[in-house]
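Trainee: Residue numbers (the numbering used here), protein chains in the order written: chain A, 59 to 206; chain B, 6 to 394; chain C, 30 to 209; chain D, 248 to 849.
#1: Assign residue 721 of chain D to buried or exposed, taking buried as 16 or more other Cβ atoms, counted over all protein chains shown, within 10 Å of its Cβ.
#2: Per DSSP, residue 727 of chain D is paired with what?
#3: With a threshold of 8 Å, are at least 3 pairs of Cβ atoms found where one atom belongs to the stretch 115-124 of chain B and the other to the stretch 258-271 of chain B?
#4: Please list, in chain order, the chain B residues whose beta carbon lies closer than 7 Å to that of residue 150 of chain C.
#5: State the Cα-Cα distance for the pair residue 245 of chain B and residue 371 of chain B, rounded to the nearest angstrom.
#6: Can you confirm whether the stretch 695-707 of chain D touches the stretch 405-412 of chain D when touching is taken to mean that 3 or more C-beta pairs between the two stretches lie within less than 8 Å?
#7: For residue 622 of chain D, does the count of other Cβ atoms within 10 angstroms reach 16, so buried, or fall short, so exposed?
#8: Is the CB of residue 208 of chain C under 8 Å away from at least one CB in chain D?
#9: I'd like the span of the beta strand (DSSP E) that includes residue 339 of chain B, first residue to last.
#10: How would you call residue 813 of chain D, buried or exposed, if buried means at least 16 neighbouring beta carbons within 10 angstroms?
#11: Are the stretch 518-527 of chain D and the stretch 426-437 of chain D touching by the rule of at least three beta carbon pairs closer than 8 Å?
#12: Three Cβ pairs or more, each shorter than 8 Å: is that satisfied between the stretch 232-251 of chain B and the stretch 281-288 of chain D?
#13: Using the rule of at least 16 other Cβ atoms within 10 Å of the residue's Cβ for burial, across every protein chain shown, is residue 128 of chain B buried or exposed?
#14: Note down the Cα distance separating residue 866 of chain D from residue 617 of chain D, rounded to an integer number of angstroms.
#15: Restricting to Cα atoms, I'd like to know which of D:817, D:403 and D:669 is closest to residue 766 of chain D.
#16: Determine the chain B residues that contact residue 116 of chain C at a beta-carbon separation under 8 Å, and present them in chain order.
#17: Evaluate contact between the stretch 234-244 of chain B and the stretch 210-221 of chain B, counting only Cβ atoms and requiring at least three cross-stretch pairs below 8 Å.
#18: Can you pull out the residues from the stretch 117-129 of chain A whose beta carbon lies closer than 9 Å to at least one beta carbon of chain D?
#19: Just how far apart, CA to CA, sit residue 790 of chain D and residue 559 of chain D?
#20: Quick one, are the C-beta atoms of residue 78 of chain C and residue 99 of chain C less than 8 Å apart?
#21: Nearest by alpha-carbon distance to residue 177 of chain A: which of A:164, A:187, A:186 and A:188 is it?
#22: Any chance the stretch 413-432 of chain D sits against the stretch 332-342 of chain B, with 3 or more Cβ pairs inside 8 Å?
#23: Per DSSP, residue 732 of chain D is paired with what?
#24: Kindly list, in the order they appear in chain E, the residues whose Cβ is closer than 7 Å to that of residue 86 of chain B.
#25: With the cut-off set at 8 Å, would you say residue 654 of chain D and residue 642 of chain D are in Cβ contact?
#26: Which residues in the same chain have their Cβ closer than 6 Å to the Cβ of residue 114 of chain A, if we skip the five residues on either side of it in sequence?
#27: Helix or strand or just coil, what does DSSP make of residue 15 of chain B?
#28: Throw me the rounded Cβ distance for the residue 282 of chain B and residue 224 of chain B pair, which I believe falls under 8 Å.
#29: Within 10 angstroms of the Cβ of residue 152 of chain B, are there 16 or more other Cβ atoms? Answer buried if so, exposed if not.
#30: Return the first residue and the last residue of the beta strand (DSSP E) that residue 328 of chain D is part of.
#31: Tell me which residues share the same chain as residue 631 of chain D and place their Cβ nearer than 6 Å to its Cβ, disregarding the 5 neighbours each side in the sequence.
#32: Classify residue 357 of chain B as buried or exposed, calling it buried when 16 or more other Cβ atoms lie within 10 Å of its own Cβ.
#33: Could you check where the beta strand (DSSP E) with residue 668 of chain D kicks off and where it finishes?
#34: Closer than 9 Å, Cβ to Cβ, to anything on chain C: give me those residues from the stretch 501-528 of chain D, in chain order.
#35: When you compare only the Cα positions, how much space is there between residue 324 of chain D and residue 210 of chain B?
#36: State the Cα-Cα distance for the pair residue 113 of chain C and residue 457 of chain D, rounded to the nearest angstrom.
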């Protein structure tokens, strides 16, 4: 993965894989409510994918300079395994941790490449993932950590 | 006071014999009910022999609004907006007495600042009322310059009321529990300026009205009230003081801050129309002094209202009281009976004109010239609305 | 003061002596003794000033309470003399011979409460209410609201909602306390 | 007659050339005084439509009329005053009594129109030129026609209250209650906000009248737990009380309690309404908490046979096991429950559905089923080491204490959470002699717990450490102890306008050792008694469900309510759910009524 396009293609594929993952889990969960939530998550990933496609065609700019708030909620939570009877809290933890992993990946990669267009894109992607993580963490903060 | 044993005879105040109208010797003339002078709507049924009055009957009822009845079905707070209408030129006395009666029966003690603001309000009212009365008295004797001066100057006092209370006539400032607000900024300066002007005006009035040969000639000896009439007729205020009876509730049974004010009861010698008028002129001057003292002594800050219950369902324990104050015309009183409910059981408003305008007027009118009847009536300072309520 | 009241109690059988306020005492006296008592107070005790005379309608007890307020200028003391008269036999002895203004009060009470004062001058003449054809209006049973509703119309276009009822209709029509 | 007297009148000419007093209108304008009582202004955004202006108006010049822009809000009736200037006397009492200080008067006093109807207007809604006047009559500072301060509730001192589990609040005496009841303006805005729509102004009125039996009857119209709610209700009514806009709201909860305190339990039967004749229908209720028992009470009143299944040994649910007795003594809860059973509600204790009795059999044997099993499973923090033996749940500690078991907390504890359960766990721990630290991830002002509880908690010596985020539980040297690692948080505003979010500062970490850590960060439902299929069929979503009107579910016979079926998760909402379900079940069981209604609707 050395070119900008390669990186973007990889990222787009990752978003698609994430969407596939949620749809797959959604097929297996037992309650209709949970299924709907997971499908919503899948939709969210497809939206991410669309943004990246737009970046590739030049219709959208990545913004690596943008400051994204890190609530650091997922950093300290116990990892959750996917199963048929996961709760909403579980689903959110999975989502947060996936976004966090993606963020870390792009960030690490960016550290290893020299300054330039490629680094710019990688950092931009990392910020994009940070935004996604914030989305889920904010949801977690709002819905799960009610008494806390 | 000496005992008035000489007047326990019924004959002295027996009704006159009916006049033989059929004889054709006499004429009936109605004065009023348009304002005869500036005394409010009231009419005098006069029987004349030539131009001499041989019989006078007072008719009232043109201003009856049934306030006492209205109060029986309004809450204690609502009534305070009603009572001021009982006496148009002097609404404040009604506000004060109503509030005072309610406070007595409900055991509310008003704060010091409210006491002073009330006192000042009442004295301003007295000043405004006297200014208007002077105009009326002068006008009743055919002099139309002084009324222009005094009634116009009264408007400057009403300006003060407007600033202090938010309204010119029906101030609704004295409310059960205290007053509705403190003094606005700069009020004291403006009030003092207006007092200075009023003092000057009264000197001018004295010069052109009281040192006036015509006024003197017509008012001296008109409608003399003798000391022995005072108690049987229940004559109060300047009408009584003008014949030397030293009675002033402000001094005798001081209320509000009157015990902390420096003033003397003013008395006259023979209570004729001139003497009564002159006494009122002096009392107007006294008023200015009292207002100045209030401005000096009234606390500038602190609460102006006592702790109140929720007035929307204010119940007052059963009780009975009679409160009175010295208004321009003498003893003004509120008799109030409560029965523990949200409504007052009975209010009786005692206005000095009740006797001045009926029993006294009917007696004094007899023997006078028709031309002097308006002057006589104004000299008794009557307000029909306080008769009828 | 105390002596006087004791004496009055003995001579006139006055009752319900109550010190209402500072300088205001009230008591009840029987209808028959009232006139003599008032004369006594005026001539012997210095209560020379009749502040006013009025009436309270205790319709629930079927009585009118007449109130004579007398003042003693020397002692600066006021007495409220209450006289109960039956609403069925609403007549009272006139005191027009005691005070020159008394007949005016009696004329007013005749008109406003329908109380008779035999012998009082001009007592049946209209006072305030020329042409009045209803019951005496100060009686408790006279309903001013009803009277005005019958006599006068309401302004068109006036209607009002109660906050509580309005909110129930708007926000929770099926809930809350069931209407019975 | 002296010469002087003849000459002095001519002095009048001296004034002939003086400036006249009069003002030339309309050339010169003469504004009213700054505090003049002129035409009315209403700041309609702050007005809550309580109607006090209408009540106080002695001229009947004010009507309350619906204004569309303000329709249907909590704490706002949607009505606004409309003035009839044919009647107004400009006394300004409406301004004086206005609970929101929204009503004022301008200093404008001239208004000329040839249309008499234009003098009938809604201030602030109908456009008038004086609406924005800065000057005019306002209620003066320090002038009140209704006491702004409430009567303080007598309470045990903090030292005294720590000594036992005795009730902390002592209750109003008659004089205090009457004084407090006097402050109510009887607008009834609270009735809309109360989840159970209790007749608040009416029962407060009964206190003023001294008729407590009537007060009790009024309360039972909408709430069979008055003794309980009079102590621990979340009292949303008070948050919308208009008296609270400028002063303190009427102490509705304490007044409710006062009424119950005045009536002896043995008189309940005589005072309160009895059930109507039996209908022959049978209803099963799962859970004897406030939701279940409320449904049971109102169903029984309608003549149905009611059986309540309860897993625990006593009734009350969270009221008994989640609310400590210093806030709600058992005897008071029993006063409520005993009346419910006294009218013929049968409660089967120690009967767990799914174990002792099957849900399916209820469906078969009863005409309708009401489920209200609440939120009984403590939420977990999901941080490392959470399963440590010395990490206890707040709910468990409260339940232990309620059942006279020693929860074994030790001498130094940390409580995690900011809700009422956290506060109660902390206060119970204090009473058990422990030193208590509360760790909460946000600010104290963000705590979902009742403000009073937070205050009392602090009074009783609990230390609240706000903005503290637990990140890990670590073993201590001693098995009887446990360590917690937590980090300080800084609060970051939500750009979208939501509540501020705590952000962990990883450079500010702390580790502290405690005898135990009490986790109280929320609860979720336990639906083990329902098969997955039934859960699916009832449309549960992560342990909660949103019922249709009348608390009906997608299953014909099944109605639900209580914490797992509403958002607010408090006792009063559960009580209303039960009452509303009872209405629904009653309709459902009376098909005639049902079809008649449907016909009407179609």
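All residues carry an ideal CB built from backbone N, CA and C; glycine is no exception.
Given the structure is predicted, the values throughout are model-derived calculations rather than measurements.
Mentor: By the coordinates alone:
#1: exposed
#2: For residue 727 of chain D, which the question treats as bridged, DSSP gives no partner whatsoever.
#3: yes
#4: 20
#5: 20 Å
#6: yes
#7: buried
#8: Its pLDDT being 49, under 50, residue 208 of chain C is placed unreliably by the model, and nothing is read from it.
#9: 335-343
#10: buried
#11: no
#12: no
#13: buried
#14: Chain D is shown only over 248 to 849; residue 866 of chain D falls outside these bounds and no answer can be derived.
#15: D:669
#16: The contacting residues do not exist; residue 116 of chain C stays about 15 Å from chain B at best.
#17: no
#18: 127, 128 and 129
#19: 21 Å
#20: yes
#21: A:164
#22: no
#23: D:719 and D:758
#24: Here the protein chains are A, B, C and D, and chain E is not one of them.
#25: no
#26: 66
#27: At residue 15 of chain B, the pLDDT of 37 sits below 50, so the modelled position is not reliable; the number obtained from the coordinates is stated separately. Of the three classes helix, strand and coil, the one that applies to residue 15 of chain B here is helix, per DSSP.
#28: 6 Å
#29: buried
#30: 326-331
#31: 719
#32: buried
#33: Here residue 668 of chain D belongs to no beta strand (DSSP E); instead the alpha helix (DSSP H) covers 667-678.
#34: none
#35: 60 Å
#36: 32 Å
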